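Count the sequence shown with the working numbering and you get residues 17 to 303, in order.
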Amino acid sequence: MVVITHIVGGLGNQMFQYAVGRSLSVSTGQILKLDLESMKKYTRREFSLQQFNIQAELARPHETPVTRSRGFLRRAFQLIQRQSPCQHIIEKAHTFDPTVMSLSGSLYFDGYWQSEKYFASIANTIRSDFSLAAPLSSGREAILSHIRTTNAVSVHVRRGDYVTNPSANATHGTIEPGWYEAAMQRMAERTDDPSFFVFSDDPAWAQQNLKSSWKMTFVEPQQDGRDGEDMHLMAECRNHITANSTFSWWGAWLNANPAKHVIAPLHWFRSPLHDDKDLIPATWERV
17 MVVITHIVGG LGNQMFQYAV GRSLSVSTGQ ILKLDLESMK KYTRREFSLQ
67 QFNIQAELAR PHETPVTRSR GFLRRAFQLI QRQSPCQHII EKAHTFDPTV
117 MSLSGSLYFD GYWQSEKYFA SIANTIRSDF SLAAPLSSGR EAILSHIRTT
167 NAVSVHVRRG DYVTNPSANA THGTIEPGWY EAAMQRMAER TDDPSFFVFS
217 DDPAWAQQNL KSSWKMTFVE PQQDGRDGED MHLMAECRNH ITANSTFSWW
267 GAWLNANPAK HVIAPLHWFR SPLHDDKDLI PATWERV
C-alpha cells in the first residue's frame, strides 16, 4: 500500500501537499510517493522540494488515478493498463477536514491542504524533512550571521503574480504598505529594538513603499532555484510578519520557538469564496 500526493503550484503549496501526505504515511505506516505529472505541464513553477531532506519517492504513472487533469494519452494508457489502487481523496474546501486523518489503505491526495491541523502531530518530523539538503550559499551565510546578532523580524512582501495575474489577484489581492506599517508598529510594541528583514519577490517596490524609522534590511531574492534558503533565513528570525502567501506562512511556521510572535493578514483571500479559518495557527495574531 502507498500514500501518493499530487504536487502542483509554488514552493509553499508543494510543502503543504507533501506535509499532508507525510502525515498519513506516518500514521498508516505506508510509503509516501509524489505525483509530479502536473508539474511537467505547469510552466510557471518548478518542483522545488528537492531543496529539502524530504522522505518520499516518485509515483509511477500506473499508480495514480485517472483524472480530468491528465492528458488524453495518459488517461487512455491508465484505462488500458489498470486503474490506480489508490482511493482518490479530493479536497472539498479550504477548511480542515478531520475525516482525512482516519483514512487507511492506499490513498491519493488531490488538493492544497493548507492547515497545520493535518500535520501538527508530527510537527518535528515535518520541520526535519524541510531542513535544507545543502549548506547555505556564502551570501546567505552572511545574512544569517546578521540575523542572529539582532532581534530579527522577518517581513514578507508578496507581489509577483498577485499583481500580474488577474486570476491570482482576484483570489488573493495584495497587501498594501499601510498594513505593513501597522504590523511593524504592533511588532515594535512587543519587541525590544527590532530589526526588520524584508523578503520580497519585488524588492524595488518594497524599498520604495515600506518606509520606516526602524532598522530595516532588504534581502535580494534568490534567482537560482534556491528559494528554500530565503525561507530558512525567515525562519531564523525571532518573530515574523507574513504576507497572504504560503511561502511566508512556512517561513514563520518552520521557526519552532513557541515564544515567537507572528502577525498575519486578517484577510488571507480577497475572494469571499475561500474560508481561511483553519489556515492560520491559533497562536498567530491576525491584523
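We put the beta carbon where it would ideally sit given N, CA and C, even for glycine. Since this is a predicted model, take the numbers as computed values, not measurements.
Pairwise C-alpha distance: residue j and residue i
i    : j    : result
A109 : D294 : 11 angstroms
D208 : H256 : 14 angstroms
A268 : I296 : 11 angstroms
G26  : S64  : 8 angstroms
D243 : H78  : 32 angstroms
M117 : V36  : 9 angstroms
R206 : Y196 : 15 angstroms
F146 : F212 : 24 angstroms
K133 : I23  : 19 angstroms
G127 : A275 : 31 angstroms
E318 : A150 : Residue numbering for the chain in the displayed model covers 17 to 303; residue 318 lies beyond these limits and cannot be assessed.
E301 : V278 : 6 angstroms
H248 : A298 : 22 angstroms
W265 : I142 : 14 angstroms
R98  : A251 : Confidence at R98 is low in this model, with a pLDDT of 46, below 50, so its placement is unreliable and the value that follows should be read with caution. Between R98 and A251, the C-alpha separation is close to 44 angstroms.
L40  : Q223 : 42 angstroms
Q71  : L160 : 26 angstroms
K231 : A280 : 21 angstroms
Y34  : D113 : 16 angstroms
S122 : M203 : 45 angstroms
Residue i classed as buried or exposed, judged by whether at least 16 other C-beta atoms fall within 10 angstroms
i    : result
K57  : exposed
T115 : exposed
N273 : exposed
N69  : exposed
S170 : buried
P210 : buried
Q239 : exposed
T165 : exposed
M31  : buried
Y216 : The sequence given here places Ser at residue 216; Tyr does not occur at that position. So S216 ends up on the buried side.
A220 : exposed
K227 : exposed
R76  : exposed
P81  : buried
S154 : exposed
M17  : exposed
L282 : exposed
L95  : In this prediction, L95 scores a pLDDT of 45, lower than 50, which makes its location untrustworthy; no coordinate-derived value is stated.
First through last residue of the beta strand (DSSP E) which encompasses residue i
i    : result
N255 : N255 to I257
D51  : I47 to D51
A168 : N167 to V173
M232 : K231 to V235
Residue i, enclosing alpha helix (DSSP H) - first and last residue
i    : result
K276 : Element bounds for K276: n/a, residue is neither H nor E.
Q224 : P219 to N225
D208 : Where D208 is concerned, there is no enclosing alpha helix (DSSP H), given that its DSSP letter is neither H nor E.
E252 : D243 to E252
E157 : S154 to R164
S261 : Premise fails: S261 is in no alpha helix (DSSP H) and is neither H nor E.
D145 : A139 to D145
A35  : L27 to T44
DSSP beta-bridge partners of residue i
i    : result
L123 : V19 and Q103
S216 : V173
E73  : K49
E197 : Bridge partners of E197: none, in fact.
F148 : Note on residue identity: the sequence assigns Leu, not Phe, to residue 148. According to DSSP, which records beta bridges pairwise, L148 is partnered with F68.
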